[in-house]
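In my numbering, the protein residues as written are 74 to 384.
A virtual CB, placed ideally from N, CA and C, is assigned to each residue, including glycine.
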Amino acid sequence: MSILVIAEHDNGSLKAATLNTVTAATRLGGDIDVLVAGSHCGAAADAAAGIAGVARVKLADAAAYAEQGAENLAALLVAVVRAGGYRHVLAPATTFGKNVLPRVAALLDVAQISDIVAIESPDTFVRPIYAGNALATVRSADAVKVITVRSTAFDAAGAGGTATVEPISADADLRQSRLVGRELSKSARPELGAAKIIVSGGRGLGSGDHYRAVLEPLADRLGAAMGASRAAVDAGFVPNDYQVGQTGKIVAPQLYIAVGISGAIQHLAGMKDSRVIVAINKDPEAPIFQIADYGLVADLFEAVPQLVAAL
Numbered sequence: 074m075s076i077l078v079i080a081e082h083d084n085g086s087l088k089a090a091t092l093n094t095v096t097a098a099t100r101l102g103g104d105i106d107v108l109v110a111g112s113h114c115g116a117a118a119d120a121a122a123g124i125a126g127v128a129r130v131k132l133a134d135a136a137a138y139a140e141q142g143a144e145n146l147a148a149l150l151v152a153v154v155r156a157g158g159y160r161h162v163l164a165p166a167t168t169f170g171k172n173v174l175p176r177v178a179a180l181l182d183v184a185q186i187s188d189i190v191a192i193e194s195p196d197t198f199v200r201p202i203y204a205g206n207a208l209a210t211v212r213s214a215d216a217v218k219v220i221t222v223r224s225t226a227f228d229a230a231g232a233g234g235t236a237t238v239e240p241i242s243a244d245a246d247l248r249q250s251r252l253v254g255r256e257l258s259k260s261a262r263p264e265l266g267a268a269k270i271i272v273s274g275g276r277g278l279g280s281g282d283h284y285r286a287v288l289e290p291l292a293d294r295l296g297a298a299m300g301a302s303r304a305a306v307d308a309g310f311v312p313n314d315y316q317v318g319q320t321g322k323i324v325a326p327q328l329y330i331a332v333g334i335s336g337a338i339q340h341l342a343g344m345k346d347s348r349v350i351v352a353i354n355k356d357p358e359a360p361i362f363q364i365a366d367y368g369l370v371a372d373l374f375e376a377v378p379q380l381v382a383a384l
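Right, here's the structure in full:
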């Protein structure tokens, strides 16, 4: 049984979620190939070859894949899957995976199995439903299983692999879409999805200025990434890429500090798997306290500066 993992990368290095996806693939019990498609992405292919458990790396290096467009990637994937006889196709349940794999599943005429958190057998998987309040066990009879993997549910694969890198031919550019522009948020802080410590703020902070003034000193002391609830994002306190929750990023850091976050179900779905959860809120009835390991009922504008001073 052969398995294909789609690598998420920036043409220079692999994204951390790829390592978690490889770990999920090892639970299926077959040979694991990794597809790296991009432009001038040899370094990413070499990194994939060094992942423990990977048998081969297929490298599609062409200008058509430089921007990771779903149309070109999906056409390539379908051709690779059919030529290689793969029975499982996996990608991280990130923006990248959610953009590409549904198109692949449609072209293969199979049902996608989304956001899995466990693998019981090669055809049986566990995935969260109802914003993570229940887990569904699903069995697929499709010849090809197209799967997105919740990276926080699986450990990252280690190094030490010695896979071979095999160049493959690229398909023609379909020219169905083109990238007009891209705006990237640059920060010296850890990436939100891979951070070990996250300081997150909600609507209780009142404004973007308060968000930065109160939370940045705490994040600086802890070397933490910064996140936010959907309410804070919708209010314009911070950009969309800060959002943690069902419609934002799913995170599971070692420490998650929720400041001024009430704990709406949408937000809890994105962070409740964190190892330790600390909540600071002046409302003792806030739902966030139901899942917090440590809760402090206090005015955040007084409690957070005191915490920073004590660190």
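query = Say the cut is 6 Å; is the CB of Ile350 nearer than that to a heavy atom of the ligand PLP?
reply = With respect to small molecules bound, the structure shown includes none, and the ligand PLP cannot be examined in it.
request  = Spatial neighbours of Thr96 within its chain, please: CB distance less than 7 Å, with the 5 preceding and 5 following residues excluded, ordered by chain position.
outcome  = Counting from one through the sequence shown, the residue named residue 96 turns up at place 23. Excluding sequence neighbours, Thr96 sits near Phe227, Asp228, Ala229 and Ala230.
request  = Less than 8 Å between the CB atoms is what I'm expecting for Pro357 and Val370, so what's the real figure, rounded?
outcome  = Counting from 1 along the sequence shown, the entry for residue 357 is found at position 284. Counting from 1 along the sequence shown, the entry for residue 370 is found at position 297. At roughly 5 Å, the Cβ-Cβ gap stays under 8 Å, so Pro357 and Val370 are in contact.
task = Put Val306 into one of helix, strand or coil per three-state DSSP.
result = Taking the sequence shown and counting its residues from 1, the one referred to as residue 306 is at position 233. Correct three-state label for Val306: helix.
query = Run through DSSP, which three-state label would Asn145 get?
reply = If you number the sequence shown from 1, residue 145 lands on position 72. In the structure shown, Asn145 sits in a helix (DSSP, three-state: H, G or I).
query = Hey, is the region 177-197 in contact with the region 347-354, meaning 3+ C-beta pairs nearer than 8 Å?
reply = no
ask   = Using the C-alpha atoms, what's the distance from Ala135 back to Ala207?
value = Here residue 207 is taken as the residue at index 134 of the sequence shown, counted from 1. Here residue 135 is taken as the residue at index 62 of the sequence shown, counted from 1. Taking the straight line joining both Cα atoms gives about 42 Å.
message = To the nearest angstrom, how far is the alpha carbon of Leu373 from that of Arg348?
response = Within the sequence shown, residue 373 is the residue found at index 300, counting from 1. Within the sequence shown, residue 348 is the residue found at index 275, counting from 1. Leu373 and Arg348 have their C-alpha atoms some 22 Å from each other.
ask   = Got a sec, what are the start and stop residues for the alpha helix (DSSP H) Pro263 sits in?
value = Position 190 of the sequence shown, counting from 1, holds the residue named residue 263. Segment: none, Pro263 is in no alpha helix (DSSP H) and carries neither H nor E.
Nonlocal neighbours in the same chain, by C-beta distance under 8 Å from Asp244, ignoring five residues either side = Within the sequence shown, numbered from 1, the residue matching residue 244 stands at position 171. Counting only Cβ-Cβ distances below 8 Å, and skipping sequence neighbours, we find Ala137, Asn145, Ala148, Leu149 and Ala152.
message = Measuring straight from C-alpha to C-alpha, what distance separates Pro201 and Ala304?
response = As a first step, residue 201 is located in the sequence shown; it is residue number 128 there, counting from the start. As a first step, residue 304 is located in the sequence shown; it is residue number 231 there, counting from the start. Each residue's alpha carbon lies about 23 Å from the other.
query = So, using beta-carbon positions, are Gln319 and Ala191 closer together than 7 Å?
reply = Here residue 319 refers to the residue found at position 246 when the sequence shown is read from its first residue. Here residue 191 refers to the residue found at position 118 when the sequence shown is read from its first residue. Contact: no.
ask   = For Asp83, which option in Gln141, Ile361, Ile189 and Thr225 has the closest C-alpha, if you only look at C-alpha atoms?
value = Within the sequence shown, the letter at position 10 stands for residue 83. Of the candidates Gln141, Ile361, Ile189 and Thr225, the one whose C-alpha sits nearest the C-alpha of Asp83 is Gln141.
ask   = So, is Arg129 buried or exposed, given that buried needs 16 or more other C-beta atoms within 10 angstroms?
value = Here residue 129 is taken as the residue at index 56 of the sequence shown, counted from 1. Arg129 is buried by the Cβ-count criterion.
ask   = Nearest CA to the CA of Ala164: which residue from Gly281, His113 and Lys218?
value = For the purposes of this step, residue 164 is taken as residue 91 along the sequence shown, with counting starting at 1. Ranking Gly281, His113 and Lys218 by Cα distance to Ala164 puts Lys218 first.
message = On a Cα-Cα basis, can you pick out the residue from Leu180, Gly157 and Gly343 that is closest to Glu239?
response = Within the sequence shown, residue 239 is the residue found at index 166, counting from 1. The shortest Cα separation from Glu239 among Leu180, Gly157 and Gly343 belongs to Gly157.
message = Rounded to the nearest angstrom, what separates Ala261 and Tyr315 at their Cα positions?
response = Taking the sequence shown and counting its residues from 1, one reaches residue 261 at position 188. Taking the sequence shown and counting its residues from 1, one reaches residue 315 at position 242. Rounded to the nearest angstrom, the two C-alpha atoms are 14 Å apart.
inquiry  = My output table needs one value for Ser250: the three-state DSSP class, helix, strand or coil.
reply    = To locate residue 250, count along the sequence shown from 1; it is residue 177. DSSP places Ser250 in coil when its eight states are reduced to three.
key: Counted within 10 angstroms of its Cβ, other Cβ atoms place Tyr284 as buried (16 or more) or exposed   = Position 211 of the sequence shown, counting from 1, holds the residue named residue 284. Buried, because 16 or more other Cβ atoms sit within 10 Å of the Cβ of Tyr284.
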